[in-house]
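Per our numbering, the sequence shown starts with residue 46, numbered consecutively. Idealized CB from N, CA, C, for every residue including glycine.
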Amino acid sequence: MKTLYTIHPHFQHFLDFKNGEIIQLYSGLRKFILNLSPKCNELIYNTHALTSVYTLSEKLSDAYCMIPIYSNHLNLGFNKGVLLDDPHLLLKGTGKFIRHIPISNETEYRNDKVRMIIMAAIDLASSEMSGKANPKERTISKIKGMPDPY
46 MKTLYTIHPH FQHFLDFKNG EIIQLYSGLR KFILNLSPKC NELIYNTHAL
96 TSVYTLSEKL SDAYCMIPIY SNHLNLGFNK GVLLDDPHLL LKGTGKFIRH
146 IPISNETEYR NDKVRMIIMA AIDLASSEMS GKANPKERTI SKIKGMPDPY
């Protein structure tokens, strides 16, 4: 079985179209998240944004954070960001639930403020799960039209 620390080939295929700075920023943020919660599943999508989602099960509804990559920037998103304590006002957005932290360099995520928000999001997702956590520590591709690389 492939380790989560290796980027899935489906995701890598589309990531390679991004500029080097975005790729490096994404890779660092992804490792930061995985080091905080190595017992998770990663769901990958390519819709309006190339996105990796981190969840305690195989369900999108049990996700605690995500990294959507757009043309020239990326965010650290939280599915239920409105419910998270954010004393430093890092979370942006006006939607009903989702909030994000814009990330343009590694200092914007490599700090205790962001670490605390991610850990709070994990705790919230865990407390709201309808079933048991079922992390298999693997990446699950939701990208359509790609052959199985394994």
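Inset, instruction - Answer yes or no: the CB of Ser149 versus the heavy atoms of the ligand NAD, is any distance below 8 Å? - result: No copy of the ligand NAD occurs in the structure displayed, which carries no ligand at all.
Legend entry - Cβ-Cβ separation, His55 to Ile89 (assumed contact under 8 Å), whole Å: Numbered from its first residue, the sequence shown carries residue 89 at position 44. Numbered from its first residue, the sequence shown carries residue 55 at position 10. Contact holds; Cβ gap of about 6 Å.
Legend entry - Rounded straight-line distance, which links the Cα of Ile188 to that of Thr139: To locate residue 139, count along the sequence shown from 1; it is residue 94. To locate residue 188, count along the sequence shown from 1; it is residue 143. For Thr139 and Ile188, the distance between alpha carbons rounds to 28 Å.
Inset, instruction - Assign Leu111 to buried or exposed, taking buried as 16 or more other Cβ atoms, counted over all protein chains shown, within 10 Å of its Cβ. - result: By one-based count along the sequence shown, residue 111 stands at place 66. The amino acid at residue 111 is misidentified as Leu; the sequence shows Met. Under this definition Met111 is a buried residue.
Legend entry - Three-state secondary structure assigned by DSSP to Ser97: Within the sequence shown, numbered from 1, the residue matching residue 97 stands at position 52. In this structure, Ser97 counts as strand in the three-state DSSP scheme.
Legend entry - Sequence ranges, beta strand (DSSP E) only - wholly within the stretch 118-173, length at least 3: 119-123, 144-148
Legend entry - Sequence-distant residues of its chain with Cβ nearer than 7 Å to His53 (five each side left out): For the purposes of this step, residue 53 is taken as residue 8 along the sequence shown, with counting starting at 1. The answer, listed in chain order, is Ile89, Thr184, Ser186.
Inset, instruction - Below 6 Å CB to CB, which residues in the same chain sit around Pro147 once its five sequence neighbours on both sides are set aside? - result: Position 102 of the sequence shown holds residue 147. Here the set comprises Asn120.
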